[in-house]
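In what follows, a structure is listed as structure tokens, so that the remarks can point back to it.
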Amino acid sequence: MDQTEIFLTILGMALATYLPRLAPALFFASRPMPEALRRFLAVVPPAVLGALLAQSVLLERGQLKLTPDNLFLWAALLTGFLAWRTRGFFGPVLAGMALVAGARAFLAG
Amino acid sequence: MPQAPTRSEPSAFTQALPIVMGYLPVGFAYGVLAVKAGLGVANAGLMSVLVFAGSAQLIGVEMLGAGAPALSVIATTFVVNLRHVLFSAALSPHLSGWPRARIARFCFQLTDETFALHATRLNNHQQSTAKTLAINAFAQLAWIAGSLAGALAGGLVPDVRPLGLDFALPAMFAVLLTGQLAGRAHALAAVLGAGLCLAISRTPAAPYAVLAGAVAAAGIASLTPWAAPRSGGGRGGDQAPGVPGPGRDQTGAGPEPDRDGAGPASGR
Chain A
1 MDQTEIFLTI
11 LGMALATYLP
21 RLAPALFFAS
31 RPMPEALRRF
41 LAVVPPAVLG
51 ALLAQSVLLE
61 RGQLKLTPDN
71 LFLWAALLTG
81 FLAWRTRGFF
91 GPVLAGMALV
101 AGARAFLAG
Chain B
1 MPQAPTRSEP
11 SAFTQALPIV
21 MGYLPVGFAY
31 GVLAVKAGLG
41 VANAGLMSVL
51 VFAGSAQLIG
61 VEMLGAGAPA
71 LSVIATTFVV
81 NLRHVLFSAA
91 LSPHLSGWPR
101 ARIARFCFQL
111 TDETFALHAT
121 RLNNHQQSTA
131 KTLAINAFAQ
141 LAWIAGSLAG
151 ALAGGLVPDV
161 RPLGLDFALP
171 AMFAVLLTGQ
181 LAGRAHALAA
191 VLGAGLCLAI
201 SRTPAAPYAV
211 LAGAVAAAGI
221 ASLTPWAAPR
231 SGGGRGGDQA
241 PGVPGPGRDQ
251 TGAGPEPDRD
261 GAGPASGR
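Protein chains in written order, with UniProt numbering: chain A, 1 to 109; chain B, 1 to 268.
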């Protein structure tokens, strides 16, 4: 494929990505939001985070992985527990990554 | 003049670090795939500059490599990124006092990960606009750096798994979710979001599992009595975006919200 044609495709992709990102924020910047919508959007962050976390931890190539050998599941539980106890941010993230890296090194022998 | 945050907030770089560590290897993988699909290094890097959307870029280069027509690649990108409508709307109460140019700049770098981070921190801290924009900049810089490194390295793919880097983003989601569990409506939304996402990912609608699962979960949770903000006292644990903003509730009905003046360089 010609690089110029690819570049023009990229410009189209950029527009197709930017419009959905920008339009709602600009729209509601200048007018009030209906109460029902505000109430809905207030619980969007936990809903999205629940979905993102479940997808990244419990799914492996589209298959549900709810077994004791799911390393990400244990690491996510540790990370979440530390975040809850310490109210920290980077510490719990690092602890989770260390558990993943350590378990892989240990299990690999 | 910019005000110091009342509660101390970690630096923008510290907060962006999990995103940076997650984006570098994934960006690297994208760069490798882009060059293998026939993109030049310049185009591979430019896509990360202009589009900045991980899953859409990976799908896009795969389609380009398979010889798909440009319009079909663009249409697919649009559909894949429709979930950003939800993110943009959900963050809009936090952006209501901003000049339009700054909203435009912020939204350009709105991804799953930056949304997740901002949705939490903009509720918990008096917002530092400089940090908000700096976090986005760090995130995209990491994405571009990873992409370029991958495009230049080509087939030479080192294994990131021994460092646990592939867990950086899931770990960030876990931390941010913990911070979001501030009441029954939020907890219900999180549990439903996880469950519905997993259920939908077993159907043909799997590519939209996060979007559809989150919309359904938030819809159900927002219709419960727990979601009513400070209606009858009760537990009242739920924080809605925008509620803590000073003056926003009193003047929120007005068509022209005041500039909050919280950020530097607000133009004039």
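The C-beta atom is built at its ideal place from N, Cα and C for all residues, glycine as well.
It should be emphasised that the depicted structure is a prediction, and the values quoted were computed from it without experimental measurement.
A straight-line Cα-Cα distance of about 8 Å links Gly-88 of chain A and Leu-82 of chain A. Contact between Tyr-23 of chain B and Ala-142 of chain B is confirmed by a C-beta separation of about 4 Å, below the 8 Å threshold. By the neighbour-count criterion, in which a residue is buried when 16 or more other Cβ atoms sit within 10 angstroms of its Cβ, Ala-185 of chain B is buried. Classified as buried, Leu-176 of chain B has 16 or more neighbouring CB atoms from the shown chains inside 10 Å of its CB. With distances taken between CA atoms, Gly-54 of chain B lies nearest to B:Thr-77 out of B:Gly-97, B:Ser-72, B:Thr-77 and B:Gly-67. Neighbours of Gln-180 of chain B in chain A, taken as residues whose beta carbon is under 7 Å from its own, are Pro-45, Pro-46 and Leu-49 in chain order.
Nearest C-alpha to Ala-209 of chain B among B:Cys-197, B:Gly-219, B:Val-79 and B:Ser-147: B:Cys-197. Proximity of chain A to Ser-92 of chain B at the Cβ level (cut-off 7 Å) is accounted for by Pro-24, Ala-25, Phe-28 and Ala-29, in chain order. Within the same chain, and ignoring the five residues on either side of Arg-83 of chain B in sequence, the residues whose Cβ sits closer than 6 Å to its Cβ are Leu-211. At a Cβ-Cβ threshold of 9 Å, Val-32 of chain B and Ala-153 of chain B count as neighbours. Counting along the chain, the unbroken alpha helix (DSSP H) around Arg-105 of chain B starts and ends at 100-108.
Note on geometry: alpha-carbon atoms of Val-48 of chain A and Ala-190 of chain B lie some 7 Å from one another.
If you draw a straight line from the Cα of Pro-93 of chain B to the Cα of Ile-103 of chain B, it comes to about 11 Å. Within chain A, no residue has its CB atom less than 9 Å from the CB of Phe-13 of chain B, the nearest being about 10 Å off. The Cβ atoms of Val-61 of chain B and Leu-46 of chain B do not sit closer than 9 Å to each other. Counting along the chain, Phe-115 of chain B sits inside the alpha helix (DSSP H) bounded by residues 112-124.
Identification of residues in the region 71-85 of chain A having a C-beta nearer than 7 Å to some C-beta of chain B yields Phe-72, Ala-75, Ala-76, Thr-79, Gly-80, Ala-83 and Trp-84, given in sequence order. Collapsing the DSSP output to three states places Gln-127 of chain B in coil. Between Asp-112 of chain B and Leu-52 of chain A, the gap from beta carbon to beta carbon is short of 9 Å. Within the same chain, Gly-31, Val-32, Ala-34, Val-35, Leu-39, Val-41, Ala-44 and Gly-45 come within 8 Å of Ala-151 of chain B by CB-CB distance, once the 5 residues on both sides are set aside. Contact check for Ile-135 of chain B against Val-49 of chain B fails: the beta carbons are separated by 9 Å or more. Within chain B, no residue has its beta carbon less than 9 Å from that of Thr-67 of chain A; the closest one is some 14 Å off.
If you check the CB distance, Ser-222 of chain B and Arg-39 of chain A come in under 9 Å. Cβ contact annotation for Met-172 of chain B (same chain, cutoff 6 Å, sequence separation greater than five): Pro-18, in chain order. At a cut-off of 9 Å between C-beta atoms, Glu-5 of chain A counts as an interface residue with respect to chain B.
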